[in-house]
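In the working numbering, the protein residues as written are 2 to 385.
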Amino acid sequence: MIPLSKPFIQEDDINEVLSVLQSRWLALGPYLSKFEEIISEYTGSKYAVAVNSGTSALHLILKALDPKPGEYMIVPSFTFISSANVALFEGVIPIFVDIDEETYNTSPDALEDLLIRIEKGKYYLNGNKVDIKKVKYFMGVDIFGQPLDWDRITPILKERNITIIEDSCEALGAEYKGQKVGNFGIAGAFAFYPNKQITTGEGGITVTNDEKIYKLAKSMRNQGRGEDEEWLSHIRLGHNYRMDEMSAALGYSQMKKIDKILEMRGKVASTYNELLNKVEGVRPPAVKEYTTKMSWFVYVVLLDETVNRDKVIDMLKERGIQSRNYFQPVHLQPFYRRSGHSEGELPNTEKISKRTLALPFYTAMTREEIEKVVDNLKDVLKSF
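Rendered as structure tokens:
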């Protein structure tokens, strides 16, 4: 079986984690600070707060902004579900926006059209008219490792005093016109699940240049303790979102070779592009000119409308190749439907999500493996 993903773990990573186990200092130790410092330096952010998942990192950002129940957050539906769910954690209501047909990121035109509809009193959620004054947040997702078109997105939001949270959970190391992602909003988040560019097993991190958000996130990840983190002293409501020392050590070790990892992943993507370039019925991922550095998270192709994507997944599986649909629209998930969302709401998202296919993709993937995937995909597509 060629798997969908595989973490890139080497001997130095294993030794770093073993050193933690040998030290017996398994939580809130020196590796947590070392990992935060190396991420902060790499992303150009003043502060970093490591946590147990990308979801936790996003939640702490929103929570630090002191949201009020009944406020709204704009978010794409073509994303991992946590991008929207963190709003619900705080009583904030997600408003879904459509995507660009090439990049699958939030479309600036769709965003502006949505906001104009709200301003004109023509946008309803579950039968209730949305008040533009309550639209407070925008969750900007850098999907699949490609930055949003921030020069077009940012002015639309600034004009309306909407706060930007950057969900860069899939995009560590990506650059927009020479600037690393994670810094285009009030704060950003990265995630380190085993299929990501680097892994900590489970883990995430909040980055920001805002001291208030930093202090609140640091406190709330550790059950609301104060700045001195005094034992059993809690000054606010918090969570157990801490990252353990083994995870931090693995992340620190991986970050020391992040440039090598991104280069290797880039070569895998280039090989796929080369081999898929002349395959009918498949469109390789589009990388825009403003993306001065692509951080390949997954390799997602768009199949022709005549192709049954789900059958392709089954047929590839029979041949020992794992693949997946990426993504299923969040607004059509069962519990979001109960909030009044339905088909027809986001034409691009719904059309594209039926045709996207994630092929096996990992840092140390060989050309032989890629050729096997492409040859079998080509053969499977002949059925359609």
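Think of the CB as a built atom: it goes at the ideal place given N, C-alpha and C, for glycine as much as any other residue. Every value quoted in this text rests on a predicted model; they were computed, and no experiment measured them.
Supposed contact pair residue j and residue i - C-beta distance, whole angstroms, cut 8 Å
| i | j | result |
| --- | --- | --- |
| Pro1 | Val50 | Since the first residue shown for the chain is 2 and the last is 385, residue 1 is missing from the structure and cannot be characterised. |
| Gln147 | Thr107 | Actually they do not touch by this definition, with Cβ atoms about 12 Å apart. |
| Glu38 | Ala250 | Not confirmed; about 13 Å, so no contact. |
| Ser169 | Asp143 | 5 Å |
| Leu276 | Val375 | 4 Å |
| Ile165 | Gly186 | 3 Å |
| Gly141 | Glu176 | At roughly 15 Å, the Cβ-Cβ gap does not stay under 8 Å, so Gly141 and Glu176 are not in contact. |
| Phe193 | Thr201 | 4 Å |
| Val208 | Gly189 | 5 Å |
| Ile3 | Lys373 | 7 Å |
| Pro330 | Leu347 | 7 Å |
Residues near residue i by beta carbon distance below 7 Å, same chain, minus five either side
| i | result |
| --- | --- |
| Met366 | Val269 |
| Asn127 | Ser340 and Gly341 |
| Leu5 | Gln323, Ser324, Arg325, Ala359 and Pro361 |
| Leu33 | Ala51, Met244, Glu246 and Ala249 |
Buried/exposed call for residue i, threshold 16 Cβ in 10 Å
| i | result |
| --- | --- |
| Gly45 | exposed |
| Trp151 | buried |
| Gly404 | Any answer about residue 404 is impossible in this case: the structure gives the chain only from 2 up to 385. |
| Tyr125 | exposed |
| Leu115 | buried |
| Lys64 | buried |
| Glu228 | exposed |
| Asp13 | exposed |
| Pro109 | buried |
| Gln11 | exposed |
| Arg237 | exposed |
| Gly71 | exposed |
| Gly345 | exposed |
| Val28 | First, the amino acid is wrong: residue 28 is Ala here, not Val. Result: exposed. |
| Phe139 | buried |
| Lys279 | exposed |
| Leu59 | buried |
| Pro68 | buried |
| Leu263 | buried |
| Phe36 | buried |
| Glu171 | buried |
| Ile214 | buried |
| Ile117 | exposed |
| Ile371 | buried |
| Lys383 | exposed |
Close Cβ partners of residue i (< 8 Å) along its chain, the five nearest in sequence each way excluded
| i | result |
| --- | --- |
| Ile259 | Tyr43, Leu173, Gly174, Gln198 and Ile199 |
| Lys289 | Glu103, Thr104, Gln147 and Asp150 |
| Ser234 | Arg226 and Gly227 |
| Leu333 | Ser78, His342, Ser343, Glu344 and Glu351 |
| Thr292 | Gln147, Pro148, Ala175, Glu176 and Tyr177 |
| Glu203 | Asn53, Ser54, Phe193, Tyr194 and Ser248 |
Which listed residue (the options) has its alpha carbon closest to that of residue i
| i | options | result |
| --- | --- | --- |
| Lys7 | His332, Phe298 and Met316 | Phe298 |
| Asp245 | Gly205, Met221 and Ile96 | Gly205 |
| Thr307 | Val288, Lys352 and Thr292 | Lys352 |
| Ser24 | Met247, Glu290 and Ala58 | Met247 |
| Leu66 | Trp232, Asn274, Gly252 and Leu217 | Leu217 |
| Pro31 | Gly252, Lys261 and Ile10 | Gly252 |
| Gly282 | Val381, Glu120, Pro95 and Lys373 | Val381 |
| Asn377 | Arg266, Arg320, Asn309 and Lys213 | Arg320 |
| Arg284 | Leu61, Tyr273, Glu171 and Gln224 | Tyr273 |
| Lys47 | Asn184, Gly345 and Ser84 | Asn184 |
| Lys121 | Pro109, Lys134 and Thr207 | Lys134 |
| Asp311 | Phe328, Ser296 and Gln334 | Phe328 |
| Phe9 | Tyr363, Lys379 and Ile371 | Tyr363 |
| Asn309 | Lys35, Phe385 and Glu203 | Phe385 |
| Asn210 | Leu22, Ile62 and Ala85 | Ile62 |
| Gly55 | Lys35, Lys69, Asn86 and Pro68 | Asn86 |
| Phe145 | Phe90, Ile371, Arg266 and Ser220 | Arg266 |
| Lys261 | Glu203, Ser296 and Ile3 | Ser296 |
| Val136 | Arg161, Pro330, Lys123 and Asn129 | Arg161 |
| Arg368 | Pro330, Lys294, Pro286 and Ser271 | Ser271 |
Cβ neighbours of residue i in the same chain (closer than 6 Å, five flanking residues each side left out)
| i | result |
| --- | --- |
| Ser41 | Ala49 |
| Tyr242 | Val52, Asn53, Ser57 and Arg222 |
| Leu112 | Val98 and Ile157 |
| Asn349 | Asp99, Ile100 and Glu102 |
| Ala88 | Met74 and Pro95 |
| Gln255 | Ile199 |
| Pro195 | Pro8 |
| Ser83 | Thr56 |
Would you check if there are 3 or more beta carbon pairs closer than 8 Å linking the region 291-310 to the region 347-358?
Taking a cut-off of 8 Å for Cβ pairs, the region 291-310 and the region 347-358 touch, as three or more such pairs fall below it.
Decide if the region 68-84 is in contact with the region 310-320; the criterion is three or more beta carbon pairs, one per stretch, under 8 Å apart.
Touching, no.
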